[in-house]
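Asker: Chain order of the listed sequences is A and B. Here numbering that gives the first Met the number 0 is used: the first sequence runs in plain steps of one and ends on residue 337. Here numbering that gives the first Met the number 0 is used: the second sequence runs in plain steps of one and ends on residue 337. Positions of the beta carbon are idealized from the N, C-alpha and C atoms, including for glycine. First, the structure itself, so that you have it in front of you.
There are 2 protein chains.
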Amino acid sequence: MNPTIVDVARVAGVSTATVSRVINGISRVEPVTKKRVEAAIEKLRYRPNILARGLMKSRTDSVGILVTHIVNPYHMSIVHALERRLAAHGVFCYLCNSGDDPEQEDRYARELIRRAVDSLIVIEGAHSDSPDAVMYSTLAGDVPLILVNEHVALDIRAHIVRCEQETGIREAFAILAASGRRRVVLLNGTGHYSFDLKRRLLSEFVESNGLDPADNPVITISCPNDTESVHEAAGIAAALVRGPNPPDAIFAANDMMAAGALQGLLETGVSVPDDVAVVGVDDVIIARITRPKLSSVSLRTEEIGRETAETWVRIRDGVLTAPARVVVHSAFIERETT
Amino acid sequence: MNPTIVDVARVAGVSTATVSRVINGISRVEPVTKKRVEAAIEKLRYRPNILARGLMKSRTDSVGILVTHIVNPYHMSIVHALERRLAAHGVFCYLCNSGDDPEQEDRYARELIRRAVDSLIVIEGAHSDSPDAVMYSTLAGDVPLILVNEHVALDIRAHIVRCEQETGIREAFAILAASGRRRVVLLNGTGHYSFDLKRRLLSEFVESNGLDPADNPVITISCPNDTESVHEAAGIAAALVRGPNPPDAIFAANDMMAAGALQGLLETGVSVPDDVAVVGVDDVIIARITRPKLSSVSLRTEEIGRETAETWVRIRDGVLTAPARVVVHSAFIERETT
DNA sequence: TTGAAAGCGCTAACAT
DNA sequence: ATGTTAGCGCTTTCAA
């Protein structure tokens, strides 16, 4: 059995209250007794029981981070950047993976709160597209809640840190337009705000450049975040380029599909970017591993992580009068496929 | 304030003990009262306080998973496979990231234990190479400890699940030998067991094929797990192939370096695998994104995850009489670079 | 400055 | 079948 505060008190010849005071550095305690207590702690290798402490203080110096996809390099980059900073504040980070299942996310969120995390950070949650986001609303009632890269109604009580994608995507389209591309295929996913956005920005590109919508179709891939999408994108790209109306650019909604498309194109012998340009989104490590290297829209994981950590600090310090609304700007990173 | 068990008892007109019985499904309770209690729970939206419960039972139905590199796709694949299975058992998985810092790992491990995780799983921990692994020994005294992919002395009390790399690497070398490669450069890292192993197996390959050690050098890269290693490997590969004694194969200690080497080779115009073969280790998504696709040694994340989960079940069920020693076998996955 | 004692919310004997 | 009660290990008044 682990030693308890009672053991320490006995060994030090003081009361448990005094031991508690020493541990928490609260209120004065005679240097001599303090030494004795510290010696006893050392001797018994005593560690306070967090559960008991949490029960009393209902504070545990920990945050829960809820993520939808633990193998998604984009998400994990954000977590990485965030966690490093939080750890520097002595915070304990619990990471949980919902696997993009809203129900699981719900369960994990409540569970984390029940385990008395002091705040909850949700990264691109599975609920992010529900218009009312009622779940997040109720959550925000129980605990400070930071939503990262969500697109919920702004009247929600939660704090929001997000990277807008418009800027970077528009930059990408501008580059495509400047290099004379007039037949851009969008390899897209479905069911999330960001996919709708890409579709919209493609339309905008088509209209403002006076292009034919029929030359600029959207192709939807079933599981755009699965590794299988690499294959699927490759097949689609190859088919397109051999088809009757070959594109001169492929805009993929993420780097994985872009990498797949690139593979498919090169295998059919077309030249990238001379014949066909390729653009991805996310700017993860994948973009630097293909050949030629992928031009991609950076969604600024480092900044997102930093801003989220800073928001957490502001919440902790109580200097926030209203829910935070932080927006980080995306940017197009041009490499070798445009 | 959240409702407590007392509130529920009051509303249902029963004692707290009865409420507790209903919640835990332990011992009989009259269906009628049970209904009343459930109604009260529903009405108050009551959730038991995990801290208080954990304090009593010193069990929390949770496991801590400690990982060294949250952005490492290989590690995260293991976690993914593991967590899915654990979650199916109703276990709550806390994931923590040590960032490959032994001190941080130590702190996190103790912290998790103090938060009463029921068991601790360490994936390729930062202490994995210390010969005595004294930290793991003391940890194992406090909590069931499963070490994944560690290479510590086998008399330790912890349970061990690991993937041996010899099989797959030897297969890879055999393929290289069969295709007549006689000048293999090893792109290696340093400071971990697995790097030593690769060096040793290269020597074995050189000797058993009667090759010249000078033609089969080892080049050590400083941060083999960093994304920067892609660039570094590319530069080295390009330099090698332009040098006085160009290799006919590059064996990289992981896929990231292999991808980099591949880039470097192709940029200098050599043909892969005709002029130079490339082999990676880990078989992560990267291996399927390069062109040509990377031949790589699979370290069986799926099996590792499954075996680890099963070991956990055995520990929980108390059917383990001695520390578990599970070994999963690696395999060479031949793709297009050999 | 220190100690005694009352909880925090829950479970588990022990009674009834 | 249900209630009473004594803790789990800690913090925090309130006294001394």
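Can you find a CB in chain A that lies within less than 8 Å of the CB of isoleucine 235 of chain B?
Answerer: For isoleucine 235 of chain B, the answer is no, since every Cβ of chain A falls outside 8 Å of its Cβ.
Asker: Taking the C-alpha atoms as reference points, what is the distance between alanine 232 of chain A and phenylalanine 250 of chain B?
Answerer: About 29 Å.
Asker: Please go through the same chain and pick out, in chain order, the residues whose beta-carbon is closer than 8 Å to the beta-carbon of proline 322 of chain B, but skip the five residues on each side of it.
Answerer: Here the set comprises Ile155, Arg156, Ala157, His158, Ile159.
Asker: Give me the chain B residues within the contact set of methionine 75 of chain A, using Cβ-Cβ distance strictly less than 7 Å, ordered along the chain.
Answerer: Chain B residues near methionine 75 of chain A: Ile69, Val70, Met75.
Asker: Does the Cβ-Cβ distance between proline 72 of chain A and valine 280 of chain B come in under 8 Å?
Answerer: Not a contact, by the Cβ cut-off of 8 Å.
Asker: Rounded to whole angstroms, what is the Cα-Cα separation between valine 325 of chain B and threonine 307 of chain B?
Answerer: The straight-line gap from Cα to Cα measures roughly 9 Å.
Asker: Between which two residues does the beta strand (DSSP E) carrying glycine 279 of chain B extend?
Answerer: Note, glycine 279 of chain B: beta strand (DSSP E), 276-281.
Asker: Let me know if leucine 144 of chain A comes out buried or exposed under the rule of 16 or more other beta-carbons within 10 Å of its beta-carbon.
Answerer: So leucine 144 of chain A ends up on the buried side.
Asker: With 9 Å as the limit, tell me which residues of the region 83-94 of chain B have their beta carbon closer than that to any beta carbon of chain A; keep them in chain order.
Answerer: Answer in chain order: Arg83, Ala86, Phe91, Cys92, Tyr93, Leu94.
Asker: Roughly how far, in whole angstroms, is the beta-carbon of isoleucine 303 of chain A from the beta-carbon of methionine 256 of chain A, given that I think they are within contact range, below 8 Å?
Answerer: Actually they do not touch by this definition, with Cβ atoms about 22 Å apart.
Asker: Could you give the DSSP three-state label for alanine 125 of chain A: helix, strand or coil?
Answerer: The answer is coil: DSSP assigns alanine 125 of chain A none of H, G, I, E or B.
Asker: Based on Cα-Cα distance, which residue from B:Asp60, B:His88, B:Val31, B:Glu333 lies nearest to alanine 173 of chain B?
Answerer: The shortest Cα separation from alanine 173 of chain B among B:Asp60, B:His88, B:Val31, B:Glu333 belongs to B:Glu333.
Asker: I need the straight-line Cα distance from glutamate 209 of chain A to alanine 176 of chain A, nearest angstrom please.
Answerer: Note that residue 209 of chain A is glycine in the sequence shown, not glutamate. For glycine 209 of chain A and alanine 176 of chain A, the distance between alpha carbons rounds to 11 Å.
Asker: Would you kindly check if the distance between the Cβ of alanine 236 of chain A and the Cβ of glycine 263 of chain A is under 8 Å?
Answerer: Cβ atoms of glycine 263 of chain A and alanine 236 of chain A: closer than 8 Å.
Asker: Could you pull out every residue in the same chain whose Cβ sits closer than 7 Å to the Cβ of lysine 42 of chain A, ignoring the five residues on either side in sequence?
Answerer: Around lysine 42 of chain A: Val10.
Asker: Indicate the three-state DSSP secondary structure (helix, strand or coil) for tyrosine 192 of chain A in the structure shown.
Answerer: Of the three classes helix, strand and coil, the one that applies to tyrosine 192 of chain A here is helix, per DSSP.
Asker: Could you give the uninterrupted runs of the alpha helix (DSSP H) lying entirely in the region 210-281 of chain A, keeping only those of 4 residues or more?
Answerer: List check, alpha helix (DSSP H) in window: 227-241, 254-266.
Asker: Which residues, in order along the region 49-67 of chain B, keep a beta-carbon less than 7 Å from a beta-carbon of chain A?
Answerer: Against chain A - using a Cβ distance shorter than 7 Å - the residues of the region 49-67 of chain B are Ile49, Leu50, Ala51, Gly53, Leu54.
Asker: Taking any Cβ of chain A, which residues in the region 206-240 of chain B have a Cβ under 7 Å from it, in chain order?
Answerer: From the region 206-240 of chain B, only Thr226, Val229 have a Cβ closer than 7 Å to chain A.
Asker: What does DSSP give as the partner residues of leucine 94 of chain B in its beta bridges?
Answerer: A:Leu94, B:Ile64, per the DSSP bridge assignment.
Asker: Considering Cα atoms alone, identify which of B:Val147, B:Ala39, B:Ser136 is closest to methionine 75 of chain B.
Answerer: For the residues B:Val147, B:Ala39, B:Ser136, the minimum Cα distance to methionine 75 of chain B belongs to B:Val147.
Asker: Taking the beta carbon of alanine 108 of chain A as the centre, do at least 16 other beta carbons fall within 10 Å, making it buried, or is it exposed?
Answerer: Classification of alanine 108 of chain A: buried, given that the 10 Å Cβ count is 16 or more.
Asker: Are the C-beta atoms of glutamine 262 of chain B and some chain A residue less than 8 Å apart?
Answerer: At least one chain A Cβ lies under 8 Å of glutamine 262 of chain B.
Asker: Considering only residues of the same chain and omitting the five flanking positions on each side of isoleucine 77 of chain A, which have a CB-CB separation below 7 Å?
Answerer: Answer for isoleucine 77 of chain A: Ile122, Val147, Thr300, Ile303, Gly304, listed in chain order.
Asker: In the DSSP assignment, find the unbroken alpha helix (DSSP H) run with histidine 79 of chain B in it and report its ends.
Answerer: Here the alpha helix (DSSP H) through histidine 79 of chain B covers 72-87.
Asker: Write down the C-beta distance between aspartate 99 of chain A and threonine 137 of chain A rounded to the nearest angstrom, noting that I regard them as a contact closer than 8 Å.
Answerer: Incorrect: roughly 20 Å between the Cβ atoms, too far for contact.
Asker: Which residues of chain A have a Cβ atom closer than 9 Å to the Cβ of asparagine 253 of chain B, listed in chain order?
Answerer: None at all; the shortest Cβ gap to chain A is about 12 Å.
Asker: Alpha helix (DSSP H) containing valine 37 of chain B: first to last residue?
Answerer: Just to set this straight, residue 37 of chain B is glutamate in the shown sequence, not valine. That run of the alpha helix (DSSP H) goes 30-43.
Asker: What do you get for methionine 215 of chain B, buried or exposed, if any count of 16 or more other CB atoms within 10 angstroms of its CB means buried?
Answerer: According to the sequence as given, residue 215 of chain B is asparagine; it is not methionine. By the 10 Å Cβ count, asparagine 215 of chain B comes out buried.
Asker: Roughly how many angstroms separate the alpha carbons of valine 21 of chain A and isoleucine 40 of chain A, rounded to a whole number?
Answerer: The alpha-carbon atoms of valine 21 of chain A and isoleucine 40 of chain A are separated by roughly 10 Å.
Asker: For the beta strand (DSSP E) holding asparagine 187 of chain A, just list the boundary residues, first then last.
Answerer: Looking at the DSSP string, the run of the beta strand (DSSP E) that includes asparagine 187 of chain A is 183-187.
Asker: Which partner residues of isoleucine 332 of chain A appear in the DSSP bridge assignment?
Answerer: In DSSP, isoleucine 332 of chain A forms a bridge with A:Ser295.
Asker: Short of 8 Å in beta carbon distance, which residues of its chain neighbour valine 13 of chain B, apart from the five on each side in sequence? Order them along the chain.
Answerer: Hits under 8 Å: Thr32, Arg35, Val36.
Asker: I want to verify the contact list: residues of chain A whose CB lies under 7 Å from the CB of glutamate 110 of chain B, in sequence order.
Answerer: The contacting residues are Phe91.
Asker: Closer than 8 Å, Cβ to Cβ, to anything on chain B: give me those residues from the region 309-324 of chain A, in chain order.
Answerer: The region 309-324 of chain A vs chain B, Cβ under 8 Å: nothing.
Asker: Beta-carbon separation of cysteine 95 of chain B and leucine 85 of chain B under 8 Å?
Answerer: Going by C-beta atoms, cysteine 95 of chain B is not nearer than 8 Å to leucine 85 of chain B.
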